[in-house]
Amino acid sequence: MPNNLGLTKEQAGQLIDQYITDKITKLHLIETQAIMRALAKHFNKNEEEWGIIGLLHDIDWDLTKNNPAEHCVKAVEILKQAGATDFLIENIISHGYSHASIPAHQDKQRSTKLQHALVAAETLTGLIIASALVQPEKKLACVSPKSLMKKFKAKAFAAKCNRELIKECEQAGIGLEEFLKLGLKALQEISGGLGL
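Structural data, given as structure tokens:
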């Protein structure tokens with residue numbers, strides 16, 4: 000068992016099955032897990048732990064999507080009940096820090112490599128998937144790192160995808176261009192399971 004988290008990969012999967020019914024949310028969690036594992040490998044960190052954090056980061060989304068103020072708040076209850084450590088909980092809720100729609104976390108700031116990596120990774124999934132969906136074949140294999148960088152710079156493309164959050168990769172210790180390339184490759188490697 001990963002001692003730092005209090006939950007195994009299997010237990011994390013069971014939580015997803017229990018709390019996430021929306022297919023799109025489930026895919027987003029799997030995508031975030033893949034990028035977090037790739038980042039952990041890049042930084043020589045624990046891939047299993049970083050992957051689980053990515054997988055569980057939106058564990059309360061199905062319960063809170065119509066009440067954004069509760070997002071990253073309900074997660075605390077769910078994770079505590081499941082036996083998660085404070086380390087796991089703190090890192091998961093950190094992607095909601097300083098978010099205007101979450102009063103409970105508005106005054107908090109991300110402070111660690113892992114926290115910056117998580118918010119950048121989970122936000123990048125949206126840009127990558129949107130880039131694949133505008134391809135004629137709608138396949139991740141058709142997206143190149145160069146075209147992804149162009150899409151990143153085109154503010155009107157996937158406009159809801161917060162570029163500043165993606166750029167927090169730099170605070171985690173990886174340059175933007177390298178991060179986009181790493182994230183794209185991570186999703187291309189699981190494209191079969193994503194149907195893209």
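Numbering (numbering that gives the first Met the number 0), first residue to last: 0 to 195. Where a beta carbon is used, it is the ideal one built from N, C-alpha and C, also for glycine.
Next on the checklist: Buried or exposed for A157, going by 16 or more other Cβ atoms inside 10 Å?
Outcome noted: buried
Checklist entry - Taking just the CA atoms, how far does V72 sit from K79? => result 11 Å
Next on the checklist: Looking at the secondary structure, which residues open and close the alpha helix (DSSP H) in which K149 lies?
Outcome noted: Its alpha helix (DSSP H) spans residues 144–152.
Next on the checklist: Considering only the alpha carbon of each residue, which of N43, P135, A131, I51 lies closest to T7?
Outcome noted: I51
Checklist entry - Quick one, which of L195, S190, A185 has its alpha-carbon nearest L38's? => result A185
Item to check | Residue range of the alpha helix (DSSP H) that includes E167 | outcome: In the DSSP assignment, E167 falls outside any alpha helix (DSSP H) and carries neither an H nor an E.
Item to check | Between the CA atoms of P67 and G174 - distance to the nearest angstrom | outcome: 31 Å
Next on the checklist: For E46, which residues in the same chain have their Cβ closer than 7 Å to its Cβ, ignoring the five residues on either side in sequence?
Outcome noted: R36, A39, K40
Checklist entry - How would you label G53, buried or exposed, when you count the other beta carbons within 10 angstroms and need 16 or more for buried? => result buried
Checklist entry - Roughly how many angstroms separate the alpha carbons of L113 and T20, rounded to a whole number? => result 27 Å
Checklist entry - Just the Cα atoms here: how many angstroms apart are L117 and I77? => result 19 Å
Checklist entry - How would you write the range of the alpha helix (DSSP H) that R36 sits in, first residue to last? => result For R36, the uninterrupted alpha helix (DSSP H) segment begins and ends at 22–42.
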